[in-house]
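Here the numbering used here is used: the first residue of the sequence shown is 389, the next is one more, and so on. Heads up, the beta-carbon is just placed ideally off N, CA and C, and yes, glycines get one too. Below: one structure, written as structure tokens.
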Amino acid sequence: CALEEEKSRKVGGRPLIYREEVNLTPFASSHTRGKGNAQVNLDQAEKIVTQLLAPLPLGRFLDEILGKTFFFVGDAAGRDWRAALLGGDPEDAILADYARLAPHLGSHAAAPTGPIPTLEALGDATAFKAKIDAFHARGYTVRLPAMRAINPALETVVRALEAMFLVPVGAEVFWSRGGARAPAHHDDFDLIVAQIKGTKRWYISTDRSELPNVWRGIPEGEETIERFAVVDIAPGNLLYLPRGTKHCVDATSDAIHVSIGFTPVTLREALIACIDRLSDIERPLRESIGERMARQSESGKFGNVPAHVRGGVAALAHYCGMDGFVADALQQRASQTVGKLDKLRPAMAPARLTLASRLRQNPLCIHHLSGNQTKIDFAYPGGHHYLHRGAEEAISFVARTQSFRARDIPGAVGDEVRLALAERLLASGILELEGE
């Protein structure tokens with residue numbers, strides 16, 4: 389980054405360097421996604437989410453509902469598609485994943501008739517079904533964690549939401565027997581709930597959510613819901629609840645629903661992104677101030693720590709006033725977020741790769757391109773590729789082209805470099821061999 393001006397001032401008893409920086413992220417940002425066999429850009433990701441919400445317009449969801457109020461979608465539009473998010477036989481799909489799921493089942497019940505059954509590894513789907521039946525017999529609803537990959541339709545929805553909001557998105561499945569009741573509670577993330585099988589009755593607080601932080605404060609005791617709406621949901625119906633919305637649920641028949649959870653980027657997260665970016669630039673933010681933190685906390689006297697904090701806040705305000713700093717911080721945050729998403733599952737055979745090999749975008753990949761004067765940061769789910777700036781033409785082509793042959797990769801590079809780049813992106817799951 390070019391330095392236009394450098395000046396120092398004393399803040400909190402130590403020198404703090406302020407650098408006026410320009411062109412913090414000169415490399416244009418880009419991110420693309422996939423669905424089916426076609427590349428999915430942001431517009432296409434929004435189409436997937438629009439299909440999920442149908443007939444609720446996406447613009448209305450984003451502008452009037454997200455983070456503000458719960459919403460119920462009971463119309464016929466999109467109902468069959470949503471009901472099939474776990475595949476044609478959701479119970480079989482769940483039971484087939486017994487080896488992964490059995491030791492990690494969760495559960496809840498408002499009035500269980502016995503203790504939670506023991507969790508253990510199980511040898512087959514039949515034993516897994518018997519374990520789930522044991523939960524149900526005692527009044528528990530079974531929570532099945534990390535279910536995004538149970539069906540391609542669900543995984544595509546999850547990736548589309550990650551693409552839209554640039555945050556991690558998770559999916560869990562809840563399996564209840566008729567008569568099961570969930571206690572009043574709230575979740576720490578926004579929920580999109582799609583009913584897959586059977587029916588449930590939700591009691592949803594009509595009070596405005598406080599949008600609580602993910603960490604818990606001093607507990608206030610058992611949660612209660614004073615003012616609520618009653619919503620009956622059937623297969624294909626959809627609910628959205630902002631985080632913090634109190635609710636309880638009765639299973640009015642044997643039922644399965646999928647719960648998709650995420651938290652859109654908040655102002656707090658944007659501020660943290662700016663602090664992280666400033667910490668890359670200014671050494672004082674990386675220096676220890678907590679050498680005696682335990683003693684200081686015990687006494688309630690924190691010495692010169694408040695002065696240092698005030699100095700950091702002043703530096704943050706100074707940098708946030710510069711053109712491009714906040715945008716650069718948010719681009720850096722986006723790159724880090726994409727790199728931490730669930731890894732892709734690559735399917736490659738490098739020995740078969742030739743210049744004539746046809747490659748395509750992985751249907752479930754999200755890219756985020758950013759960089760500085762010398763390096764390109766190509767973030768993808770599960771990691772980053774850091775490339776020389778000379779590869780900009782080649783990597784931009786790869787990120788934006790749905791299908792191509794290895795020989796088509798442009799730029800002032802030789803064929804060996806083209807093949808090496810293609811192999812690297814295949815191994816990361818960013819690309820696939822077309823026709824596989």
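Beta-carbon separation of residue i and residue j under 9 Å?
| i | j | result |
| --- | --- | --- |
| ALA465 | ALA582 | no |
| LEU743 | ARG812 | no |
| LEU729 | ALA810 | no |
| PHE458 | LEU444 | no |
| GLY817 | ARG733 | yes |
| ILE592 | PHE616 | yes |
| VAL557 | TRP590 | no |
| SER597 | HIS574 | yes |
| GLY727 | GLY770 | yes |
| ILE621 | THR587 | yes |
| TRP563 | ILE504 | no |
| GLN684 | VAL697 | no |
CB-CB under 8 Å to residue i, same chain, minus the five flanking residues each way: which ones, in chain order?
| i | result |
| --- | --- |
| SER418 | Annotation note: pLDDT 46 at SER418 (below 50); position unreliable, coordinate value reported separately. HIS755, HIS756, LEU757, SER784, ALA787 and ARG788, listed in sequence order. |
| TYR774 | LYS763, ILE764, ASP765 and PHE766 |
| ASN625 | PHE460, VAL461, GLY462, ARG467, ARG470, ALA582 and GLN583 |
Rounded to a whole number of angstroms, what is the C-alpha to C-alpha distance between residue i and residue j?
| i | j | result |
| --- | --- | --- |
| ALA695 | LEU673 | 13 Å |
| HIS772 | PHE766 | 6 Å |
| ALA518 | VAL530 | 13 Å |
| ARG467 | LYS585 | 12 Å |
| ASP485 | LEU510 | 11 Å |
| SER495 | ASP638 | 14 Å |
| ARG776 | VAL801 | With the sequence shown as reference, residue 776 is identified as His, and Arg is not the correct amino acid for it. Rounded to whole angstroms, HIS776 to VAL801 spans 12 Å at the Cα level. |
| HIS524 | LYS731 | 33 Å |
| GLU827 | GLY712 | For the chain, the structure presents residues 389 to 824; residue 827 sits outside this window and is missing. |
| ALA442 | PRO623 | 14 Å |
| ASP668 | ALA661 | 11 Å |
| GLY699 | HIS492 | 46 Å |
| GLU610 | GLY455 | 24 Å |
| GLU686 | LEU507 | 41 Å |
| LEU819 | GLU804 | 18 Å |
| ARG793 | GLN761 | 29 Å |
| GLU479 | ARG604 | 34 Å |
| LEU450 | LYS435 | 14 Å |
| GLY678 | SER723 | 30 Å |
Whole-angstrom Cβ separation of residue i and residue j, contact assumed at under 8 Å?
| i | j | result |
| --- | --- | --- |
| ALA873 | ALA570 | Examination of residue 873 is not possible in this model, given that the chain is present from 389 through 824 alone. |
| LEU821 | SER745 | 6 Å |
| ALA703 | GLU657 | Rounded, the Cβ-Cβ distance is 19 Å, inconsistent with contact. |
| PHE577 | ARG631 | 5 Å |
| VAL561 | LEU532 | 4 Å |
| PHE516 | LEU549 | Not a contact, Cβ separation roughly 29 Å. |
| ILE613 | LYS634 | 5 Å |
| ALA551 | ALA433 | 4 Å |
| VAL437 | LEU446 | 6 Å |
| ARG748 | GLN790 | 6 Å |
| ALA568 | GLY527 | 6 Å |
| CYS708 | VAL701 | Not confirmed; about 10 Å, so no contact. |
| ALA782 | ILE797 | 5 Å |
Looking only at its chain, what residues have a beta carbon closer than 6 Å to the beta carbon of residue i, apart from the 5 residues adjacent to it on each side?
| i | result |
| --- | --- |
| ILE580 | TYR628 and ILE648 |
| THR440 | For clarity, residue 440 is Leu in the given sequence; the question names Thr instead. Hits under 6 Å: VAL545. |
| ALA416 | Note that ALA416 has pLDDT 39, beneath the 50 cutoff, so the model's placement of it is unreliable and the number below is only indicative. Hits under 6 Å: none found. |
| MET710 | none |
| LEU718 | ALA661 |
In the structure shown, what three-state DSSP assignment does residue i receive?
| i | result |
| --- | --- |
| LEU549 | helix |
| GLY529 | One point to set straight first is that residue 529 is Thr, not Gly, in the sequence displayed. Here THR529 sits in strand by DSSP. |
| ASP716 | helix |
| GLY567 | coil |
| ILE797 | coil |
| GLN583 | strand |
| ILE754 | coil |
| ALA426 | The predicted model places ALA426 with a pLDDT of 28, which falls under 50 and marks its position as unreliable; any figure quoted below should be read in that light. Of the three classes helix, strand and coil, the one that applies to ALA426 here is strand, per DSSP. |
| VAL618 | strand |
| GLU670 | coil |
| PRO414 | With a pLDDT of 36 at PRO414, under the threshold of 50, the modelled position of that residue is not reliable, and the figure given next carries that caveat. If DSSP states are grouped into helix, strand and coil, PRO414 belongs with coil. |
| LEU821 | strand |
| GLU434 | helix |
| ALA471 | helix |
| ARG631 | coil |
| ASP664 | helix |
| GLU543 | helix |
For residue i, which residues in the same chain have their Cβ closer than 7 Å to its Cβ, ignoring the five residues on either side in sequence?
| i | result |
| --- | --- |
| ASN539 | LEU473, LEU474, GLY475 and ALA481 |
| VAL555 | PHE650, THR651, PRO652, VAL653 and THR725 |
| SER676 | none |
| GLU543 | ARG536, ALA537 and LEU752 |
| GLY566 | ALA639, THR640, SER641 and ASP642 |
| GLY422 | Confidence in GLY422 is poor, its pLDDT being 32 and thus under 50, which makes the residue's placement too unreliable to answer from. |
| VAL602 | ASP576 |
| THR501 | ARG526 and GLY527 |
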